[in-house]
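Enquirer: Got a structure for you, written out below as structure tokens; questions coming shortly.
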Amino acid sequence: MYTFKGKEYPCCASLTMGVIGGKWKTVILYHLIDGPLRYNELRKEMPTVTERTLSLQLKTLEEDGIVKRKVYTTKPPLKVEYSLTDFGKTLIPLIKSIADWGVFVIEKKGEIEV
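Take 1 as the starting number for the sequence shown in full-length UniProt numbering and just add one per residue.
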């Protein structure tokens with residue numbers, strides 16, 4: 001049994017999917033690989049995600065120590081940026097592998113719509 005943030009998982013794969021699983025977490029992490037993004041920049045990268053879902057997923061990733069939220073309050077308007085923490089950066093090879101597999105599937109089995 002594996003325990004992370006007070007929750008138990010039956011195996012290491014289950015733990016990994018518990019942290020980054022779901023429809024949007026991996027997509028969020030993929031877009032943060034190249035550097036910090038503001039909330040609206042993330043929304044533009046993922047136009048089909050609802051604001052509520054994006055907010056909840058970012059909050060969960062922040063609570064798990066994967067994503068860092070930085071608020072700039074020096075001058076209005078308020079600016080908030082999201083970036084990967086050092087712990088979150090350990091997921092980059094995994095996220096890239098998932099994205100590469102998606103490209104492979106499209107090349108072999110699917111179609112690309114532009």
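Backbone N, C-alpha and C define an ideal beta-carbon position, used for all residues, glycine too. Just so it is clear, the structure is predicted and the values come from calculations on it, not from any experiment.
Beta carbon of V19, beta carbon of I95: below 8 Å?
Expert: no
Enquirer: Taking DSSP's pairing of strands, which residues face V80 in a bridge?
Expert: V71
Enquirer: Helix, strand or coil: how does DSSP classify K5 here?
Expert: coil
Enquirer: What ranges does the alpha helix (DSSP H) occupy inside the segment 12–58, keeping only unbroken runs of at least 4 residues that lie completely in it?
Expert: Within the segment 12–58, the complete alpha helix (DSSP H) runs of at least 4 residues are 12–20, 25–32, 39–45.
Enquirer: Using the Cβ count rule (16 or more neighbours within 10 Å means buried), how would you classify I28?
Expert: Classification of I28: buried, given that the 10 Å Cβ count is 16 or more.
Enquirer: Quick one: is L78 buried, meaning 16 or more other Cβ sit within 10 Å of its Cβ, or exposed?
Expert: exposed
Enquirer: Below 8 Å on the Cβ atoms is my contact criterion, and I expect I98 with T26 to pass it. Report the Cβ-Cβ distance as a whole number of Å.
Expert: Indeed they touch by this definition, with Cβ atoms about 6 Å apart.
Enquirer: Just to confirm before moving on: does the CB-CB distance between Y82 and P36 stay below 8 Å?
Expert: Yes, the Cβ-Cβ distance between Y82 and P36 is below 8 Å.
Enquirer: Pull up the distance between the alpha-carbon of C11 and that of G88, whole angstroms please.
Expert: 20 Å
Enquirer: List the endpoints of the continuous alpha helix (DSSP H) containing P10.
Expert: That residue, P10, is in no alpha helix (DSSP H); it is neither H nor E in DSSP.
Enquirer: Quick check: the Cα distance between W24 and K75, rounded to an integer number of angstroms?
Expert: 31 Å
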